[in-house]
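Notes follow the structure.
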């Protein structure tokens, strides 16, 4: 009585509240449900079904009482859901083991897919404001403690928000908005359809599995569409799937707006279109798609329209290949034949049934045809059975909802006094079932349906999530057939919840049976990395080749991996390969050439030394200071041989030896040349009257000078080796750094510079002194040969510095060896070649007379 009194106070009831509670007077209400089907029972189950899709426009003038207007655009699919509820109620009433001696009734109403109609019908049910159907005797208002419905989430939100204040439970069979799982707002709402949170998760899994990273999204302008898209976008975050566009279908269905949406679909590079919209919204959009002949898109459907034969019949060529998520389909024994054998004679004067038949099949009933209308009479069912069988959709969730209520009532009847769940062990009142008590049992119900499925509700009033993945196949007759190609079952866990048989999927859109590719940018092959295009989503990127020494061995790598130490990238930058260890070895062509030149130079020098030693008593040898010549030839031999220390794998001892041996041997060589030059100059100066300078440049002084010059270089080398000696080191070399070059690091740059600088100083002094003595008499013009040799020596070492700095890898060592050999050959040939020519080939000129001729 509390509910009726409250509604009467708000003016929702026209008669006194006690009439409905006590039932003393039978009164026809003035605001009946627009279309309804009723059957008496101990408990009446309310049902809300959108049998029509278009409600009459409301009268907002409020000048007179609104008369019941007829809803338009009947939907046979929704009417089948209503008939499924009736079938299930009758099946339970025939079941002797479930609710024996207890009869279920029903009161099903058409909501016309409008919030106002749904709320009006729900309030009429729970308050008794119902116009009795024809043929029924006048009785008290039916007791409706629970409602099954509504189909649309927006309608369910409005009804649940209102009835929840009075703890009146609702069990929806199709309202899947995740927002309805909020227990603080909708604590009386339960459903047998999974929440869209799972459908969004399954959609995201499908997109990732198929590699569709660039998609378009279409949403309905209601709670179902907005909530579903929001959940989908959340699931796609960080998954590598991007949304190119998000279009909302307006409820006004404005033609220009629909054309603009289709144009956006056509212009997009995204071939996959994900939808989250109810069936009527999608029907309008798909009609425009068919009109524009958009046939190269892969549609992803929600459970709202994935199994709609009406949509599939719009254009099989455009929509074939559609993938969708459908509520679990179960073969309910007897339901299929029940739906196809419906007889209008069972509902002779039901306005709801008559309006559905008239609108769907273009006929009129007998009393209406007498007015002169040309439409045929709705008398025979034979002609429409085929069409009914095609468009009827068996909603298993309606079946489960009725059984959930029946099992909850069964648990209420089974309560033992004193052991009930209410205060002091009180059991529920089963003679006049109260909504709040039924809600308590409904939340805890756990049963198995006749088809063998176990059903229960979680703490949010939701069932276990399970979807069939449906594919629209184009049959041989040109019609679309729905084929299950996979399943999503959240109960199986994240590893096994998603299954898809790609071999059974039919791909439309003119892709030749191949999986459509819907990406913003093509996949980056191994060896490259993705670089996001500025100002665009992460799915739009350029493929940048990996840098040298880095690889990517997978497709669409976001970054390149640096190769470990002593490894390098191959030419394709797809794998790391061991670096080639490179050094100037005796096996290299360059090493062989330098070794031959070094050995040849040393052998030639020894040969000259042997020739000089054999002819040491000849005037030419004696006139050229044989002692200095022998020492010079020995030092030149060391210069040639020290080049061999630069060839081979660097080791600590070889690095220290090569630089010190090179520095000391060249200093000895240059000291000898300097001593020879000074002796020549002093010798001619000493021939002048009164000059006795030769006594200061005798053999002892010459040896002392050579020793002193060498000692300075030895001191520099010792300090260098003690403080920072040359040691082996590794560096990247070769093409793109793919090789490890073994080198001898100089250790101390200052030490290396002092060694070279001291050699350069001695060479410069020798060159200047020899240059000043170049015009001495021809037969004693050794200074001229020394000048040429020093000119070559200085030129070689001046060009050595830039060549040494710019040469890569092992060629740095080769340049240094070449400089050593070139300068050594220059000294040997320029100083000793003329003398060897006379000694060996013109012995007739090797006489004292010839030496003193001028």
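Numbering (mature numbering (1 follows the signal peptide of the UniProt record, and there is no 0)), first residue to last: -21 to -1, 1 to 833.
Using N, Cα and C, we set each Cβ at its ideal position, and we do this for glycine too.
Quiz item: What do you reckon, are the CB atoms on residue 702 and residue 727 nearer than 8 Å?
Solution: yes
Practice problem: Kindly identify the DSSP beta-bridge partner or partners of residue 277. | Solution: 251
Quiz item: For residue 268 versus residue 251, is the C-beta distance shorter than 8 Å?
Solution: Taking 8 Å as the Cβ cut-off, residue 268 and residue 251 do not qualify as a contacting pair.
Quiz item: Nearest-angstrom Cα distance between residue 270 and residue 91?
Solution: 27 Å
Quiz prompt | residue 167 in three-state terms, based on DSSP | solution = coil
Practice problem: Mind checking which residues open and close the beta strand (DSSP E) that includes residue 445? | Solution: 445 to 453
Quiz item: Going by the beta-carbon positions, is the gap between residue 722 and residue 732 smaller than 8 Å?
Solution: Going by C-beta atoms, residue 722 is not nearer than 8 Å to residue 732.
Quiz item: Is the CB-CB distance between residue 834 and residue 243 below 8 Å?
Solution: Because the chain is modelled from -21 through 833, residue 834 falls outside the range shown and cannot be assessed.
Practice problem: Report the residue from 458, 281, 426, 611 whose alpha carbon sits nearest the alpha carbon of residue 180. | Solution: 281
Quiz item: Between residue 411 and residue 426, what straight-line distance do the alpha-carbon atoms span, to the nearest angstrom?
Solution: 24 Å
Quiz item: Is the segment 447 to 467 touching the segment 286 to 298, taking contact as three or more C-beta pairs under 8 Å?
Solution: yes
Quiz prompt | Beta carbon of residue 57 nearer than 8 Å to that of residue 30 | solution = yes
Quiz item: Does the segment 613 to 620 come within contact of the segment 789 to 808, defined as at least 3 CB pairs closer than 8 Å?
Solution: yes
Quiz item: Going by the CB atoms, is the gap between residue 535 and residue 513 shorter than 8 Å?
Solution: no
Quiz item: Mind checking whether residue 565 and residue 627 have CB atoms under 8 Å apart?
Solution: yes
Quiz prompt | Residue interval of the alpha helix (DSSP H) (run including residue 575) | solution = 568 to 593
Quiz item: Per DSSP, what kind of secondary structure is residue 484 in: helix, strand or coil?
Solution: coil
Quiz item: Between residue 823 and the rest of its own chain, which residues show a CB-CB distance below 6 Å, the 5 nearest in sequence each way excluded?
Solution: none
Quiz prompt | Reduced DSSP category for residue 689 - H, G, I as helix; E, B as strand; rest coil | solution = Here residue 689 carries a helix assignment [DSSP, helix/strand/coil].
Quiz item: If you count every other CB in all the chains shown that lies within 10 Å of the CB of residue 276, and 16 or more means buried, which is it?
Solution: buried
Quiz item: Just reading off the beta strand (DSSP E) that residue 415 is part of, what are its end residues?
Solution: Where residue 415 is concerned, there is no enclosing beta strand (DSSP E), although the alpha helix (DSSP H) it sits in stretches over 414 to 422.
Quiz item: Would you call the CB atoms of residue 852 and residue 485 closer than 8 Å?
Solution: What the structure shows of the chain is the stretch from -21 to 833, and residue 852 is not part of that stretch, so it cannot be assessed.
Quiz prompt | Inter-residue Cα distance where the pair is residue 693 and residue 537 | solution = 58 Å
Practice problem: Have a look at 273, 744, 260 and flag the residue whose alpha-carbon is nearest the alpha-carbon of residue 655. | Solution: 744
Self-check item: Cβ neighbours of residue 133 in the same chain (closer than 7 Å, five flanking residues each side left out)
Solution: 94, 201, 202, 203
Quiz item: Closest to residue 649 by CA distance: which of 742, 594, 476 is it?
Solution: 742
Self-check item: N- and C-terminal bounds of the beta strand (DSSP E) containing residue 33
Solution: 31 to 33
Quiz item: Roughly how far, in whole angstroms, is the beta-carbon of residue 766 from the beta-carbon of residue 779, given that I think they are within contact range, below 8 Å?
Solution: Rounded, the Cβ-Cβ distance is 20 Å, inconsistent with contact.
Exercise. Determine the burial state of residue 814: buried for a count of at least 16 other Cβ atoms within 10 Å of its Cβ, exposed for fewer.
Key: buried
Practice problem: Counting only the same chain and skipping the five closest in sequence on each side, list residues whose C-beta sits under 7 Å from that of residue 443. | Solution: 469, 470
Quiz item: Comparing alpha-carbon positions, which option in 161, 155, 771 lies nearest residue 174?
Solution: 155
Quiz item: residue 406 and residue 396 look like a contact to me (Cβ under 8 Å); what is the Cβ gap, rounded to whole Å?
Solution: 6 Å
Self-check item: First and last residue of the uninterrupted alpha helix (DSSP H) at residue 561
Solution: First-last for residue 561: 559 to 561, but that is the beta strand (DSSP E), not the alpha helix (DSSP H).
Quiz item: Rounded C-beta distance between residue 770 and residue 615? I'm assuming under 8 Å.
Solution: With a Cβ gap of about 17 Å, residue 770 and residue 615 do not count as contacting.
Practice problem: Take residue 72 and list the residues in its own chain whose beta-carbon comes closer than 7 Å to its own, dropping the five residues that flank it on each side. | Solution: 82, 83
Quiz item: With contact counted as at least three CB pairs below 8 Å, one residue from each stretch, are the segment 549 to 559 and the segment 571 to 586 in contact?
Solution: Contact between the segment 549 to 559 and the segment 571 to 586 is absent, because fewer than three Cβ pairs lie under 8 Å.
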